[in-house]
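Structure first, commentary second.
Numbering (our numbering), first residue to last: -13 to 177.
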């Protein structure tokens, strides 16, 4: 009977506290290695992802600032041309003799400035943007005040727009844009 017990005990059984064979150990280590590699890969991905997102946000912010600056220049050019055209019309104005009445000049200037400030890109770019707060306030005051009183009541705003106009860098785009603006003002001022 002792022999039978020995023979039965000599066969490898995987039960309870008996040690596993070599191939089972390899499988466990491979699974643990894969699991550890996945955790390390996930951590690296999280770190790299944050840096990529920050760079992307910075690039997008810079792009928006450049676009806002371009729009700002276009608005400055347009507003200054409206001011300049209005002042020329006021200088040519003769009370009771000319074909043009003062109300037409006032309405023309107000209408063109109002047309600019009700555009969607004006609100999206400049309103609620602290960088352009002075600009927005000056445009609003220019629109509210009668053009024949600009030099007396809001001359500081006229000076602001003139300085900003002079600060716009010269380029071919600027001169093309000015031609379009001047043509548009002439067509729409008294329309």
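We put the beta carbon where it would ideally sit given N, CA and C, even for glycine. Since the model is a prediction, treat every value here as computed from it, not as a measurement.
What's the call for residue 67, buried or exposed, on a 16-neighbour Cβ count within 10 Å?
Answer is buried; the Cβ neighbour count reaches 16.
Please report the distance separating the alpha-carbon of residue 86 from that of residue 169.
Looking at the two C-alpha atoms, the distance is approximately 19 Å.
Count the other CB atoms within 10 Å of the CB of residue 176; is the residue buried (16 or more) or exposed (fewer)?
That one is exposed.
Is the Cβ-Cβ distance between residue 118 and residue 163 less than 8 Å?
Going by C-beta atoms, residue 118 is not nearer than 8 Å to residue 163.
CA-to-CA distance, residue 23 to residue 105, given in whole angstroms
About 55 Å.
Does the Cβ-Cβ distance between residue 167 and residue 63 come in under 8 Å?
The answer is yes: Cβ separation under 8 Å.
Tell me which residue opens and which closes the alpha helix (DSSP H) that residue 11 is part of.
For residue 11, the enclosing alpha helix (DSSP H) stretches over residues 8 to 78.
According to the Cβ coordinates, are residue 102 and residue 61 closer than 8 Å?
In this structure, residue 61 lies closer than 8 Å to residue 102 by Cβ.
Please classify residue 155: does DSSP put it in a helix, a strand, or coil?
Residue 155 falls in the coil class under three-state DSSP.
Environment of residue 135 [buried if 16+ CB atoms lie within 10 Å]:
Per the 10 Å Cβ criterion, exposed.
Tell me which same chain residues have a C-beta within less than 6 Å of the C-beta of residue 100, skipping the five on either side of it?
The residues are 129.
Tell me whether residue 65 is buried or exposed, calling it buried when 16 or more other Cβ atoms sit within 10 Å of its Cβ.
Looking at its Cβ environment, which holds 16 or more other Cβ atoms inside 10 Å, residue 65 is buried.
Residue span of the alpha helix (DSSP H) that contains residue 110, given as start and end:
Looking at the DSSP string, the run of the alpha helix (DSSP H) that includes residue 110 is 106 to 111.
Taking the alpha carbon of residue 98 as the point to measure from, which residue in 171, 15, 35, 52 has its own alpha carbon closest?
Distance from the Cα of residue 98 is smallest, within the candidate group 171, 15, 35, 52, for 171.
Please report the residue range of the alpha helix (DSSP H) in which residue 117 lies.
In the DSSP assignment, residue 117 falls outside any alpha helix (DSSP H) and carries neither an H nor an E.
Between residue 122 and the rest of its own chain, which residues show a CB-CB distance below 7 Å, the 5 nearest in sequence each way excluded?
The residues are 112, 113.
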